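These protein sequences, in sequence, are chains A and B. If you read the first sequence in the working numbering, its first letter stands for residue 1, the second for the next number, and so on. If you read the second sequence in the working numbering, its first letter stands for residue 632, the second for the next number, and so on. Written out below as structure tokens is the structure these notes cover.
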Amino acid sequence: MSTLAVALTGNPNTGKSTIFNELTGAHQKIGNWPGVTVDKKVGYVNHNDRAISIVDLPGTYSVSARSPEEKIVIEYLMNNKLDLVMDVVDSSNLERNLFLTIQLLEQGVPLLIDLNMQDEAAARGIHVDMKKLEELLGMPVVETVGRSSKSTKKLLDVFTSTVMSQYHPSELVESHIENIRSIRESGKTAEAAEEAVIEARYALIDRIMAEAVTMDNAGLTKSEKIDRVLANGVLALPIFLAIMYGVFQITFEWIGQPLADMLDELINENFLEFATASLEGAGVAEWMVSLVTDGIISGVGAVLTFVPLIFVLFFCLSFLDGTGYMARIAFITDPIMCRCGLTGKGIMPLMMAHGCAVPAVMGARALDSEKDRMVSILVTPFLTCGAKLPIMALFAAMFFPEHAADVVFGMYIIGIVMAIVAAKILGATTFKDQGSTFLLELPPYRMPDMKTVMIETWDKGKGYLIKAGTIIFAASVLLWVMSNYNFSGPCEIDESILATLGGWMSKLFVFHGFATWEAGAALLSGIMAKETVVATMGVLYGAAEVSTEAEEAVEAAQTMLGTGMATSFTALSAFAFMVFSQLYTPCVTALGTIKKETNSWKWMGFSAVYMFAIAWVVSLIVYQGGKLMGF
Amino acid sequence: MTLKEGKTGMNLKIAAIEDSPLKNRLMTMGLIPGTKVTVLRSAPFGDPMAIRLRSYNLALRRSDAEKITVEAV
């Protein structure tokens with residue numbers, strides 16, 4: 001028998017993705033829909049000797065083709081021969097969910113309707129008469145309980161046994177379709193007709209609700225009680241800060257960092273020693289050993305040690321998203337974000353940017369308007385990502401040993417302030433004519449489904465792993481070659497290609513106090529990946545081994561103080577260098593993501609150039625201003 | 632009055648929505664003339680506001696709420 005083709009559709013926050021993950025488990029393929037940056041998820045499963053392919057369509061409130069997601073849903077359903085389309089509906093929120101259902105029925109898409117979250121609906125005193133609903137719509141109706149994998153697995157039986165061609169829209173639905181056809185043909189303007197159609201849909205929904213749903217007023221819902229604390233008045237903000245503090249503690253103190261330290265030891269000590277010994281033992285040429293150990297293993301290893309931090313941070317954020325709290329964060333921070341030229345919905349990408357700019361740039365997809373999306377994409381790379389942190393930590397420990405933590409904290413603030421200033425300016429100039437809106441559903445609080453949280457964490461974090469395997473690998477090799485060779489052959493590092501390029505680069509920083517070829521080369525390599533700034537400094541100043549771990553910055557600083565680096569910078573020029581590193585051109589991976597998300601080389605180029613220019617100016621002001629003030 | 636002036640706890644009924652690019656979206660989300668809404672709360676600094684309608688909760692900015700005319704129930 002041929003593969004059974006199933007598609008899942010439904011509103012956001014209905015548990016649709018959880019059902020998809022539950023049904024398909026790890027057997028999913030995530031790609032992109034052609035031409036747009038919306039994830040396309042396809043999963044495969046075998047049941048009752050039948051191969052089933054399941055497509056998880058993006059969650060949408062309607063299919064009016066307003067957003068790329070809506071376009072994808074309707075085009076996919078219209079252009080593909082599907083055996084079954086299941087509309088996942090939140091039973092506790094049937095009224096609004098039915099809008100999409102009705103719209104799809106109008107388009108002649110036969111639907112299997114899944115009343116999900118039955119437990120939640122029951123707890124809120126909402127009872128849906130399934131038989132009646134089936135009769136009113138003419139389509140089969142099944143039910144599932146939010147987090148119960150047993151009830152979800154039963155869906156597979158339903159998929160293999162339901163024959164959709166047996167079902168036809170009810171008379172009620174047929175007469176609705178007739179009704180909207182006459183509205184569209186009545187000669188009203190397109191807008192007026194569309195509004196009349198929306199009203200007709202809700203009139204039908206009101207009738208269905210009256211006949212098939214009973215509600216006992218159960219008083220305040222649980223979510224309502226929680227919201228009275230978490231999303232109410234002034235108290236909401238300190239609670240939000242406390243929760244964020246918790247997330248950063250988990251990431252940088254309790255779980256993420258200890259894992260990173262273990263991995264660091266494994267790669268940079270155990271594996272490095274093992275690799276060196278085996279290569280030397282095998283009689284491999286000296287330059288080759290150096291390339292593999294000093295070049296590739298240290299370079300890729302430096303990035304890999306950040307992986308636990310990134311994954312733990314994204315796990316926390318995905319978990320919060322799953323509970324419904326992220327929507328509240330957007331709600332309570334919107335007034336502040338709004339004054340900064342951003343929107344409350346942009347808070348999630350901004351928080352992710354403190355881990356890595358790549359998922360932050362991708363996260364901007366969730367924003368409402370083109371303006372909000374572009375501004376968010378262009379300003380997030382100013383923030384202190386996990387890869388900039390080691391630069392700040394090393395310089396702070398070397399040149400401001402008494403106030404290291406304050407200086408690093410200051411760099412975070414400079415990043416945030418610069419992002420706000422840039423958002424303000426971009427909003428008032430380039431994107432002046434575009435409006436910003438904020439329309440957001442506040443879903444009920446729920447215990448997140450761990451499988452879904454894990455899959456989301458992996459989706460967001462895997463880019464970082466890919467980066468380690470591709471860009472960083474190539475950059476490590478390239479850097480090693482450039483620092484060990486010049487055009488006439490192998491050479492000392494201060495005569496290498498890197499030294500020459502760094503020398504050219506440093507001409508830009510004559511008035512910044514760090515016009516050395518070492519600094520120039522380090523910054524140049526930082527465009528490949530910020531992590532390499534510290535690694536390059538270590539190599540260039542001839543330190544045996546410098547840790548790129550922020551936690552070990554003090555030790556690293558001790559090592560580096562013994563080298564020429566200590567005398568190449570003054571406290572002030574070190575500070576100017578830190579400011580520059582904080583603000584300049586994003587790394588190539590981030591730039592590549594910007595190209596992909598904006599679908600424009602122009603915006604990618606703009607991002608690279610304007611950030612460099614801003615960094616150059618701000619750093620210059622810091623240095624010259626500092627000198628005038630006598631530092 | 633408009634929804635913008637809605638205070639926490641008020642039960643209101645939508646009378647009309649001013650024409651704007653947002654109107655179609657608001658209607659799709661269930662804000663139709665005749666729909667009952669309850670004002671739930673405001674974010675710190677009073678904006679945006681959260682309302683309950685059609686068994687779900689929606690947050691919107693007061694500047695958008697200004698385009699929605701309501702009457703007391």
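Idealized CB from N, CA, C, for every residue including glycine. The structure presented is a predicted model; accordingly, all values stated were derived computationally and were not measured.
Exercise. Do we get a CB-CB distance below 8 Å when we pair Leu440(A) with the residues of chain E?
Worked result: This model lacks chain E altogether; the protein chains it does include are A and B.
For this session: Report the neighbours of Gly661(B) on chain A: residues whose CB is nearer than 8 Å to its CB, in chain order.
Result: Glu95, Arg96, Phe99, Tyr202
For this session: Give the straight-line distance between the Cα atoms of Lys462(A) and Val213(A), rounded to the nearest whole angstrom.
Result: 44 Å
For this session: For Leu583(A), I'd like the list of residues in its chain whose CB is within less than 8 Å of its CB, leaving aside the five on either flank, ordered along the chain.
Result: Phe382, Ile414, Gly415, Met418, Met611, Ile614, Ala615, Val618, Ser619
For this session: Tell me whether Gln434(A) is buried or exposed, calling it buried when 16 or more other Cβ atoms sit within 10 Å of its Cβ.
Result: exposed
Exercise. Residues in the region 227 to 250 of chain A with C-beta within 9 Å of chain B's C-beta atoms, listed in sequence order?
Worked result: Asp227, Arg228, Ala231, Asn232, Gly233, Val234, Leu235, Ala236, Leu237
For this session: Check whether the region 439 to 456 of chain A touches the region 286 to 303 of chain A, taking contact to mean three or more Cβ pairs, one atom from each stretch, closer than 8 Å.
Result: no
For this session: Please work out which residues of its chain come closer than 7 Å, Cβ to Cβ, to Ser483(A), disregarding the five sequence neighbours upstream and downstream, and give them in chain order.
Result: Ile493, Ser496, Leu498, Val539
Exercise. For the alpha helix (DSSP H) that Ala615(A) lies in, which residues bound it at each end?
Worked result: 601 to 628
For this session: For Asn642(B), decide whether its Cβ has a neighbour in chain A, counting only Cβ atoms nearer than 8 Å.
Result: no
For this session: Could you tell me which residues DSSP pairs with Gly31(A) in its beta bridges?
Result: Lys40(A)
Problem set entry | Close Cβ partners of Thr669(B) (< 8 Å) along its chain, the five nearest in sequence each way excluded | Gly640, Met641, Asn642, Leu643, Ile682, Arg683, Leu684
Problem set entry | Chain-ordered neighbours of Phe431(A) on chain B, where CB pairs are closer than 8 Å | Simply none; closest approach about 16 Å.
Exercise. Secondary structure at Asn268(A), three-state DSSP: helix, strand or coil?
Worked result: helix
Problem set entry | C-beta neighbour in chain B for Ser62(A), strict 8 Å | yes
Exercise. Name the chain B residues whose beta carbon is nearer than 9 Å to that of Ser92(A)?
Worked result: Ser686, Tyr687
For this session: Verify the CB distance criterion: does Glu199(A) have a CB-CB separation below 8 Å to chain B?
Result: yes
For this session: Determine, using beta carbons only, whether Val622(A) and Phe575(A) come nearer to each other than 8 Å.
Result: yes
Exercise. According to the neighbour-count rule (16 or more other Cβ atoms, all chains shown, within 10 Å of its Cβ), is Tyr245(A) buried or exposed?
Worked result: exposed
For this session: Return the first residue and the last residue of the beta strand (DSSP E) that Val55(A) is part of.
Result: 50 to 56
Exercise. Tell me which same chain residues have a C-beta within less than 7 Å of the C-beta of Lys635(B), skipping the five on either side of it?
Worked result: Arg693, Ala696, Glu697
Problem set entry | Contiguous beta strand (DSSP E) assignments of at least 3 residues, all confined to the region 428 to 497 of chain A | 439 to 442
Exercise. Counting only beta-carbon atoms, is Ala674(B) nearer than 8 Å to chain A?
Worked result: yes
Problem set entry | Assigned secondary structure, Tyr687(B) (DSSP; H/G/I helix, E/B strand, else coil) | strand
Exercise. By the 10 Å Cβ neighbour count, where 16 or more other Cβ atoms means buried, how is Thr567(A) classified, buried or exposed?
Worked result: exposed
For this session: At 3 residues or longer, and completely inside the region 112 to 140 of chain A: list those beta strand (DSSP E) runs for me, N to C.
Result: 112 to 116, 126 to 128
Problem set entry | Under the three-state DSSP convention, the category Met652(A) falls into | As displayed, chain A neither begins before 1 nor continues past 631, which places residue 652(A) out of reach and without an answer.
Problem set entry | Option in Met164(A), Leu266(A), Ile255(A) with minimal Cα separation from Leu309(A) | Ile255(A)
For this session: Check whether the Cβ of Ala681(B) lies closer than 8 Å to any Cβ atom in chain A.
Result: yes
Exercise. Beta-carbon separation of Val109(A) and Ile19(A) under 8 Å?
Worked result: no
Problem set entry | For Ser67(A), three-class secondary structure by DSSP | coil
For this session: Given a cut-off of 8 Å, decide if Ile425(A) and Thr589(A) are closer than it, judged by their beta-carbon atoms.
Result: no
Problem set entry | For Ile646(A), the three-state DSSP class (helix, strand or coil) | Examination of residue 646(A) is not possible in this model, given that chain A is present from 1 through 631 alone.
Exercise. Who does Gly10(A) pair with in a DSSP beta bridge?
Worked result: Val88(A)
Problem set entry | Inter-residue spacing [alpha-carbon to alpha-carbon] between Thr585(A) and Pro335(A) | 29 Å
Exercise. Alpha carbon to alpha carbon, what distance is there between Arg96(A) and Asp206(A)?
Worked result: 10 Å
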